[in-house]
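In our numbering, the protein residues as written are 598 to 856.
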Ligand SMILES: [Zn+2]
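Okay, here's the thing in structure tokens:
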């Protein structure tokens, strides 16, 4: 995948013009962060103008917001605020992971962990700020989940060991978001029913992950670093993800060996 740089000032102006809420949100995120974001677009002719992602370079702390399409004026403000908020948390010292090797599976694990760590706070933030389409991302999350398990309402896929780990982490994230948005997890959620029926151990495993998060707490940077170490050791992910956090101008590596 190749990327093209978007001109910063034009992009920021365009994002600000999407909604008044986003405009004032942008005023409030720290100047340090604003200076440190590069805007990229995927060279993807079939790009979806409702998809975005963020990334942080662990070598220098450079943040990226990556759009799937050039047509950024159409993106819902909640999606943009969501991605910014991932970077705000990283910039404030919350931990994040990167894949050790750039393979599809390692990337999926890394991104599922990052989402699991941050999504509760992000969805609470979006809800409190009154962003209306807070479920947009949830739909993307469900699509990824369906793709991972080959969901078609019939037969479950046989998963490889790493496939099961990806699935469990993705599902824990899905569960976490759904719980944050609404208490009634199993109501009108066909994919949850399917998983409960066909992947019972994954369903239970995801609940165990979330219970551990709750018991240990995951609201502070320190708690998140502890939880991240726990996840890496529990799922034997030491060769799959690296952990980092930002302190001042530096990106610090988290040592997973002493767990
Ligand atoms: Zn997210």
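By construction, the Cβ of each residue, glycine as well, lies at the ideal position given by its N, Cα and C atoms.
- Nearest to residue 828 by alpha-carbon distance, out of 848, 845, 842, 807, is 807.
- DSSP places residue 686 inside the alpha helix (DSSP H), whose first and last residues are 674 to 688.
- Leaving aside the five residues that flank residue 659 on each side, the residues in its chain whose CB is nearer than 8 Å to its CB run, in chain order, 633, 635, 653.
- Residue 850 sits in a strand when the DSSP states are folded into three classes.
- Here residue 654 carries a coil assignment [DSSP, helix/strand/coil].
- For residue 608, the number of other beta carbons within 10 angstroms of its own is at least 16, and it is reported as buried.
- Residue 712 has its Cβ nearer than 6 Å to a heavy atom of ligand 1.
- The stretch 679 to 698 and the stretch 823 to 842 touch, with three or more beta-carbon pairs separated by less than 8 Å.
- Here the C-alpha atom of residue 600 lies approximately 9 Å from the C-alpha atom of residue 664.
- From the listed residues 759, 791, 774, the smallest Cα separation to residue 707 is found for 759.
- Straight across, the Cα-Cα distance linking residue 648 with residue 741 is about 12 Å.
- Closest by C-alpha distance to residue 851, out of 798, 801, 690, is 690.
- Assigned with DSSP and collapsed to three states, residue 726 falls in coil, not helix or strand.
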